[in-house]
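A short worksheet on the structure shown next.
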Amino acid sequence: KNTEQRIYLKFCVANEISFTNAFKMLRKAYGDDCSPKTS
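For the sequence shown, the UniProt record's numbering begins at 1 and goes up steadily by one.
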């Protein structure tokens, strides 16, 4: 899933979709599995 999410984020950046909107779409598709990991 992480690879798919990275590809999707690159697509969003290339199409000038904001991170906020991209993250909302990822959460809708993947649920809590797409939450950013913090250390």
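Just so it is clear, CB atoms sit at the ideal spot from N, CA and C, and this is done for glycine as well. Just so we're clear, the structure is a prediction, and the values are computed from it rather than from any experiment.
Proximal residues to asparagine 21 (C-beta, below 8 Å), its chain only, five neighbours per side dropped
The residue given as residue 21 occupies position 21 in the sequence shown. Taking asparagine 21 as the centre and dropping the five residues before and after it, the same chain places the C-beta of Cys12 closer than 8 Å to its C-beta, in chain order.
For asparagine 15, name the three-state secondary structure that DSSP assigns.
Within the sequence shown, residue 15 is the residue found at index 15, counting from 1. Three-state DSSP puts asparagine 15 in coil, outside helix and strand.
To the nearest angstrom, how far is the alpha carbon of leucine 26 from that of phenylalanine 19?
In the sequence shown, residue 26 corresponds to position 26, counting from 1. In the sequence shown, residue 19 corresponds to position 19, counting from 1. Cα to Cα, the separation comes out at about 10 Å.
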